[in-house]
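In terms of our numbering, the sequence shown is residues 1 to 1193.
Quick reminder that beta carbons are idealized off the backbone N, C-alpha and C, glycines included.
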Amino acid sequence: MCYVPDETHAWLQAQVISHDPSKKQVQVKVLKDPPHVLAESMRMVDFTDKKTVLLMSGKGQPNASIESLPVQNEATNVDDMITLNYLHEAAILYNIKARFLTQHPYTYTGDICIAVNPYQWLGELYSDEQHLAYQRLGRDELPPHVYATSVAAYRSMLHDHRNQSVLVSGESGAGKTETTKILMNHLASIAGGLRDATIAKIIMVNPLLESFGNAKTLRNDNSSRFGKFTQLQFDAHGTLVGAQCKTYLLEKTRVVTHEPSERNYHIFYQVLAVRSRFPELHLDELATDYNYLGPLHTSAIEGHSDAAHFDKTQAALDRIGMDAATQGALFRVLAGILHLGQIQVEAEQCRDALAKGLYANVFEWLVALVNASLSHASRQKHHIGVLDIFGFEHFEHNSFEQFCINYANEKLQQKFTFDVFKTVQVEYEDEGIQWNHVAYADNADVLQVIESKLGLLSLLDEELVRPKGNEESFVAKAALLMKDDAVIEFPRTSRTQFVLRHYAAPVLYDVTGFLEKHKDAMLPDLATLMRSSSASFVSALFADPVVPSPATSKRRQHSAHNRVQTVGVQFKTNLSELMGTIQATNVQYIRCIKPNAAKSPTSFDHAMVIAQLRCAGVIEAIRIARSAYPVRQTHVDFLGTYGMCFPDILGRTQSSKDLCLQILAQVPSWTAPVHFQVGRSKIYFHARVVEDLEHRKRQYLYAKVVLMQRILRGCTKRRQYRRKLDAIVKIQSVVRCVLAYTRYNTLVRGTVALQSQWRGIKARQLYFVLQRQHKAHLVFAFVLGAHQRRRFLQLKASAVTIQSVVRMRLHRARFVQRMADVKSQQSMHQQLRTLQERLQVEQNKKQHHHRHRRHDPSSADQLDEHDDGQQRRKSSAQLVMADAGGMIDRIEKENVRLRREVEELKAALAMWKDDADKLKQDKEIATAAHHVKLRQAEESARDKDKTIAQLHKELDRVRGHPHGGGTPPSLLQYSSSRSRRTVMGSRRERRGLERSEDSPEEVAAIHNGAVDVAAAVQKAIETNAFLIMSAQQLGASLDVDATATRMALSNGLVTANSLRASPSVSSLKDRVAQMKNKYAQRQSEQVHRASEDSLRQSVSDSLYRGSMAVPPMPPGWEMRMSRSKGRPYFCHEGQRLTLWDPPTDENIEKAIAKRDRYGVHRHPRDSNVCRYSSVRKSVLHTPVSARSSSRGL
1 MCYVPDETHA
11 WLQAQVISHD
21 PSKKQVQVKV
31 LKDPPHVLAE
41 SMRMVDFTDK
51 KTVLLMSGKG
61 QPNASIESLP
71 VQNEATNVDD
81 MITLNYLHEA
91 AILYNIKARF
101 LTQHPYTYTG
111 DICIAVNPYQ
121 WLGELYSDEQ
131 HLAYQRLGRD
141 ELPPHVYATS
151 VAAYRSMLHD
161 HRNQSVLVSG
171 ESGAGKTETT
181 KILMNHLASI
191 AGGLRDATIA
201 KIIMVNPLLE
211 SFGNAKTLRN
221 DNSSRFGKFT
231 QLQFDAHGTL
241 VGAQCKTYLL
251 EKTRVVTHEP
261 SERNYHIFYQ
271 VLAVRSRFPE
281 LHLDELATDY
291 NYLGPLHTSA
301 IEGHSDAAHF
311 DKTQAALDRI
321 GMDAATQGAL
331 FRVLAGILHL
341 GQIQVEAEQC
351 RDALAKGLYA
361 NVFEWLVALV
371 NASLSHASRQ
381 KHHIGVLDIF
391 GFEHFEHNSF
401 EQFCINYANE
411 KLQQKFTFDV
421 FKTVQVEYED
431 EGIQWNHVAY
441 ADNADVLQVI
451 ESKLGLLSLL
461 DEELVRPKGN
471 EESFVAKAAL
481 LMKDDAVIEF
491 PRTSRTQFVL
501 RHYAAPVLYD
511 VTGFLEKHKD
521 AMLPDLATLM
531 RSSSASFVSA
541 LFADPVVPSP
551 ATSKRRQHSA
561 HNRVQTVGVQ
571 FKTNLSELMG
581 TIQATNVQYI
591 RCIKPNAAKS
601 PTSFDHAMVI
611 AQLRCAGVIE
621 AIRIARSAYP
631 VRQTHVDFLG
641 TYGMCFPDIL
651 GRTQSSKDLC
661 LQILAQVPSW
671 TAPVHFQVGR
681 SKIYFHARVV
691 EDLEHRKRQY
701 LYAKVVLMQR
711 ILRGCTKRRQ
721 YRRKLDAIVK
731 IQSVVRCVLA
741 YTRYNTLVRG
751 TVALQSQWRG
761 IKARQLYFVL
771 QRQHKAHLVF
781 AFVLGAHQRR
791 RFLQLKASAV
801 TIQSVVRMRL
811 HRARFVQRMA
821 DVKSQQSMHQ
831 QLRTLQERLQ
841 VEQNKKQHHH
851 RHRRHDPSSA
861 DQLDEHDDGQ
871 QRRKSSAQLV
881 MADAGGMIDR
891 IEKENVRLRR
901 EVEELKAALA
911 MWKDDADKLK
921 QDKEIATAAH
931 HVKLRQAEES
941 ARDKDKTIAQ
951 LHKELDRVRG
961 HPHGGGTPPS
971 LLQYSSSRSR
981 RTVMGSRRER
991 RGLERSEDSP
1001 EEVAAIHNGA
1011 VDVAAAVQKA
1021 IETNAFLIMS
1031 AQQLGASLDV
1041 DATATRMALS
1051 NGLVTANSLR
1061 ASPSVSSLKD
1071 RVAQMKNKYA
1081 QRQSEQVHRA
1091 SEDSLRQSVS
1101 DSLYRGSMAV
1111 PPMPPGWEMR
1121 MSRSKGRPYF
1131 CHEGQRLTLW
1141 DPPTDENIEK
1151 AIAKRDRYGV
1161 HRHPRDSNVC
1171 RYSSVRKSVL
1181 HTPVSARSSS
1191 RGL
C-alpha cells in the first residue's frame, strides 16, 4: 500500500501492482476514495517524468531525487504524527484527514499543535469537565487539544518565571480567531476560575473588537482585518489580574470600498439593523443601499443576526464602563460616516480620507478604552501573549494591504523557522554531537527585499518625498535595484506589477494606489476642522498627539523622511516591537488549517491542505524531529529519572556525565550516535531508546510495587479472612434463628388458619339464621312502616283541622272588633265628606247671589230677602261645621289615647317577660343547688352501704358461715354501667342471715346504715316535693296546670333553657297547655298508684333528672343514656331487652311478653328497628325470689 502523486488531489491511496527498476516505473491501482476518487483505476508512475518529480518533491526543487513511492502506515488517526513509522507529506495529509472526518480537529507534531477548522461547534470538546481534565492530567494522557498548549504555557510561566507567547497562524478562514478565543478562555479559567469577573470582562471584549475590526471576505465570514496581540497579565501567584491589547494595521480602505461579494466592518450593519431604536441617527428605514456598504440585501451572512450581535456589542460596551451618553456619541459617529459616504462631491478622495481617518481614530480610541478597563500593570509579574494576526492572503488583485499582511506573516515564519530549525541545529553543535543537516526553506531573502535600506518600503518612502513620485517610478527603481534577486520578479507586460516569492506561494502585486495608501494622511484642514467640532467626542478623537520624549526624538531625527510617519514605516516599527516582545518569551505554536473553501464540516481538499502544510513548515519540522533526536534531557534529570533502575551505578562517586555513560553502556544494543549521543550538558535520545528506558523503568518499578503489594495484600487478606470468619459465624446464627422463627410462624399460621376455618363455619351457620331473621324483619318493618305512616297522616289531618277550628275561634272576636272599628271610621269619613260637600254648595250659592245683584239692581229687594234666608242657612251650616270639628277633635284625641295605651301595654308586657325570665333563672339556680345537696347525700349513702357490706363480711367471718352472694342490697346502692357489678343476694341467704344472731356492734352498724338510707329517701321525697311546688308556681305564673309542668320538666320534654329561649309568654303558655293535655292521663294514673309505686316513680324521676344514684338492678342489667331522647334507659345485652323504667319483675315480664308477641324490640336511643335476637328461656341469672326480695327491701 502506498500513495501516488496527483495534480488535482495532491496524493491518492494506491496499491502497487508491478515495478520496473530499469525504467523507474511503477504500476499501481488507485483505490476508491469518495469524493476524490469515485472508482478504482490503473495508473503508471514514471519517476523520470519532470511533472511527477515536481509533484513529489514537496517544494518543487528540480534537482530532487525521487526513486520510490511513499508507503502507507498501518496506524491511522494517531495523536502525535512524530510516532508514525513512515513520516512523509502524504502520511501527514491522510492522518489529519482521518482525524478531521472523525471530529478530532487537533493533532500534535511534537510541541506544535495543528488545528483544523471543523466548521461546526463541538461542544463536548470545550465543556467545563474538559477544562479541569487538561489541568489535572498530563499532555500524553489526553487527546490532542489546544487546552494542552495553554496549560503548557501557564505551567512554564510559573516554573521557569519567564513570559510566554502563543502564536496562532494560518491563512484567512482557518479559524485563528476562534482558536484564540478558546485559548484565552482556557487560560483565564486556569488562572482565576470559570466564574471570575475579570475573566468574563476579558472574554466579552473579543466580540466587541470583532464588531469593529472584523468583516466578511471571500474566504471567511468573520475575517480579522487587523492584527491583535493580547497580553494576559498575571501576578506572582499566577492569578489573572488583567489584560492589555495591541492592534496592528487596521484595514482602513475597507471603510470606503470593498469587493462586491464582501462586506464592510460588522458594526455598520449592526447599527443599521437596530436603526429603529435610534431615530436621532437619521438612518432611513427604507434605505437598501449605502455607498460605503453596498446593497444590504445581498451582503447578509447566512445564520448571522446583526441585531443580536448588536445587543452583544452594546453589552460589552456596558461591561467596560461606557455610559449611555458616550455610546450614543459613538453610534452618531458611525452613522455620520455612512451619511458622509452619501454626499456627492468632486473631492471624493478627501471625503474618503476623512471617513477612513474618522473610523481609524474611533477604533484606536476604543482599544485604548478597553485597555484602560482591563489593564492592571501595577500587579503584573508575568504575561502570556496570544497573537491573532491576519493570515497569508493571495487574491486575484493584491494591493498594499495584502503586501503588509504577507510581510507580517514572513516575519512570523522567520521566527518559526528559527525556533524549529536553527535553534535545534545550533544546540546540537554547541553540545558537540554529530548532526545530519536537514535542508529547510529560509525566508531571510524575502525579508531583505522588503525591509532593507534599499528595500521596497524604503523605495516607497522616497517616492513620497519626491515631488512627482508615482507608482511606475517605484516599480522601475525596484526592478533596477533587485534585478538579481531570485525572490522578486517584474513582469515585462506591466509597469505597475511585481511578483514576490513568499514562503507560502508567489504573489502578484498591483502597485496602483500604493503611494496613497502608504501615505494615508488627511489634509491638515480636515484634521483642524474635526478638532474644532462642537461634538466633544469628535474633537477628542482628533486631539493633538502627545509630545514624544527626548530620547525618542533623537532616534527619529537621524532620518529626514521619518518626519512623516507613513503606514509602512509605522507597521514596520510596530512589527519590530512585536517580534522583540516575542523573542523575549518562550513561544508555543498553533498552526490553523483550512480544510476546504466551501466551509463544509465533511469536505477535505487535499491540495489546499497540502499547500497550507508546506507554507506553515510543518512537514520540515516533523522531518527534523525524526531525523535527529526528539528527546533531550540534562545529565542530572536523566539520573533522577532513570538512575533508580541502576542503584549500584547511581551510588558511585563520579561525574554525572560518566554515570550516564555507564548506565547507557548496560544495554549493548544501544550504540552512539545511532541511538543516543551524550553532549556537554545534555543527553540526546532517539525515540525508541526513550521507549526502552521507560520500559525498563516500568519493569523495575513494577517489581518493587509487586513486592509492596504482596505484603499489603497479605495483611489485607488475613484481615479479610478474620472478618469473613466472624461474619460467617454471625450469619449462621442469624440463619438458624430465622429458620426457627420461620418454623414457629408456620405452625402459628397453620393453627390460626385452622381456627379461622372452624370459626368461619360456625359464623356462616349463625349468619344463615340471622339472614333469615333479617329478611323477616325487613318485611315486618315495611308493613309496620306503612301502617305507622298511614296513622301519622290521619293524625296530622286531624291536628290540622283542630288547629284551624281553634285558631278561628281565637281570632273571630278580634276580627269582629276590628271590623266594627273599620266601619266606624268609614262612617265618620262619610259624614265628614257630606259636611264638606254641603259647605261647598253653600259657598257656590253665595257667589252666585252676589253676581246676580251686580247685574240686576231692580231685584235688590228680592235679593235682600234672599240674603236674610241665606244668612239663616249660613248660621245653621256653621253650627253643623262646628259640630263636625268637635267630633274630629274627639276622634283624634281618642286615637292618641289608644296609641298611648298600646305602648304602655307593650312596655308592661316586656317587663313581665323580663320578670318571668328572672323567675325562671332563680328557680333553675335553686334546683341546681338542691341537686348538688342531693348528690352529696347520695355519696354519703354509698359510703354507708360500703360500711354495711364490710360489717356483713366481718360478721360472716366471725360466725364461720361465709356467704357466696355478698351483702344485702341497699336502695341507694350504686351500680356502674361499665363494671356491671351486682350486690343482690338470694332470699335464702338473707333468711339465713335473719335467723342468725347478730352482735350488738353489728346491729348498731346496721341500724346506722338504715337511718342513713331513710335520710336519703327523705331527701328524695323533699326534692320531689320541691319540683312539684316549682311546677305549681311556674304554672300559676303562666296560667297552666302545675302537674303538667312538673311532668314536662321531670320527663325532659321541656327544659328551663327551652322555656327561656321562647319568643313570647303567650307561645310558652300554649306549649305548657299542650303538655298539660298530653300528660293528664299519666298524672291520674300516678295518683292511684300504691305507695311503693310512688316511691319507685320518684326514684325514676330522680334518675331521669340525674339527681339521684341508680337503684339496685338484677344481674346483667345496666343503665345507659339515650342520645336522641336525652334520658336514661335500662338494657340487658344478653337477653336483648330495653326498658325506660327500672328493671322490676313486672316491667321485665311485660318486655318479654311484648318481644314474644312482636318478635322484635326497639332500641330506646332511636327509632330504627334493631336486629333480631334469639329468644332465650332464662331471663335473669338469679331466681325470681331474689329479685322480689330485693324489691321488697
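- Using the rule of at least 16 other Cβ atoms within 10 Å of the residue's Cβ for burial, across every protein chain shown, is V256 buried or exposed? buried
- Alpha-carbon spacing of L500 relative to E285, whole angstroms: A direct Cα-Cα distance of roughly 47 Å separates L500 from E285.
- Item | Extent of the continuous beta strand (DSSP E) run through K29 | Segment Q25 to V30, the beta strand (DSSP E) holding K29.
- Would you mind sorting Q588 into buried or exposed? The rule is 16 or more other CB atoms within 10 Å of its CB. buried
- Task: Between the Cα of P1115 and those of I1148, Y503 and I663, spot the shortest distance and give me the residue it belongs to.
- Result: I1148
- Task: Report yes or no: do the segment 376-391 and the segment 343-356 share at least 3 C-beta pairs separated by less than 8 Å?
- Result: The segment 376-391 vs the segment 343-356: no contact.
- Message: Can you find the residues in the same chain that come closer than 7 Å, C-beta to C-beta, to M44, ignoring five residues on each side of it along the sequence?
- Response: Q25 and Q27
- Query: In chain order, what residues of the same chain have a beta carbon less than 8 Å from the beta carbon of L515, not counting five sequence neighbours either side?
  - Reply: Only L460, E463, L464, G469, N470, E471 and F474 meet the Cβ criterion.
- Query: Buried or exposed: which applies to N895, given that a residue is buried once 16 or more other Cβ atoms fall within 10 Å of its Cβ?
  - Reply: By the 10 Å Cβ count, N895 comes out exposed.
- Task: Please state whether DSSP places D510 in a helix, a strand or coil.
- Result: strand
- From this set, Q402, A740, S452 and Q164, which residue's C-alpha is nearest P506's C-alpha? Of Q402, A740, S452 and Q164, the residue nearest in Cα terms is Q402.
- Taking only runs that begin and end inside the segment 470-527, name each unbroken alpha helix (DSSP H) of 4 or more residues, in chain order. Taking only runs of at least 4 residues, the alpha helix (DSSP H) segments lying wholly in the segment 470-527 are 471-481 and 514-519.
- Backbone CA spacing between D445 and T326 [nearest angstrom]: 49 Å
- Task: Identify, in the order they occur along the chain, each residue of the same chain with its Cβ nearer than 6 Å to the Cβ of F646, setting aside the five sequence neighbours on each side.
- Result: So the qualifying residues of the chain are I663.
- Could you check what DSSP says for D1207 in three-state terms: helix, strand or coil? The structure shown does not extend to residue 1207, since the chain is modelled only from 1 through 1193, so no value can be given for it.
- Task: Determine the contact status of I112 and V618, defining contact as a CB-CB distance below 8 Å.
- Result: In this structure, V618 lies closer than 8 Å to I112 by Cβ.
- Item | Cα-Cα separation, N443 to Y503 | 6 Å
- Message: Can you give me the C-alpha to C-alpha distance between T528 and N291, rounded to a whole angstrom?
- Response: 26 Å
- Could you work out which residue in H304, V4, H36 and G513 is closest to L54 when comparing CA atoms only? V4
- Terminal residues of the alpha helix (DSSP H) in which G568 lies: Per DSSP, G568 belongs to the alpha helix (DSSP H) from V567 to Q583.
- Item | For H19, the residue or residues it bridges with in DSSP | V26
- Message: Which of the three DSSP states is assigned to F685 in this structure?
- Response: strand
- Are there 16 or more other CB atoms within 10 angstroms of the CB of K730, so buried, or fewer, so exposed? exposed
- Message: Starting from N361, trace the beta strand (DSSP E) in both directions and tell me its first and last residue.
- Response: N361 -> not in any beta strand (DSSP E); alpha helix (DSSP H) instead, spanning E348 to L374.
- Have a look at L12, D49, K51 and I17 and flag the residue whose alpha-carbon is nearest the alpha-carbon of P35. L12
- Message: On the CB-based measure, 16 or more other CB atoms within 10 Å of its CB, does C737 come out buried or exposed?
- Response: exposed
- Query: Out of curiosity, what's the CA-to-CA distance linking K519 and T566?
  - Reply: 5 Å
- Span of the beta strand (DSSP E), counted from its first residue to its last, around S169: Q164 to S169
- Item | C-alpha distance - D160 paired with A153, whole-angstrom precision | 10 Å
- Message: Rounding to the nearest angstrom, what Cα-Cα distance links V752 and K762 in this structure?
- Response: Near 15 Å, if we compare the C-alpha coordinates of K762 and V752.
- Message: Tell me whether the segment 221-234 and the segment 382-391 touch, counting them as touching only if at least three CB pairs, one residue from each stretch, are closer than 8 Å.
- Response: yes
- Item | Paired residues, beta bridge with N398 - DSSP | According to DSSP, N398 bridges with Y509.
- Query: Who are H382's beta bridge partners in DSSP?
  - Reply: F234
- Query: Do you know how far the Cα of G750 is from the Cα of Y1172?
  - Reply: Confidence in Y1172 is poor, its pLDDT being 35 and thus under 50, which makes the residue's placement unreliable; the coordinate value appears in the next sentence. Cα-Cα distance, rounded: 35 Å.
- Taking the C-alpha atoms as reference points, what is the distance between P21 and Q677? 37 Å
- Task: Use the C-beta contact count for D128: other C-beta atoms within 10 angstroms, 16 or more gives buried, fewer gives exposed.
- Result: exposed
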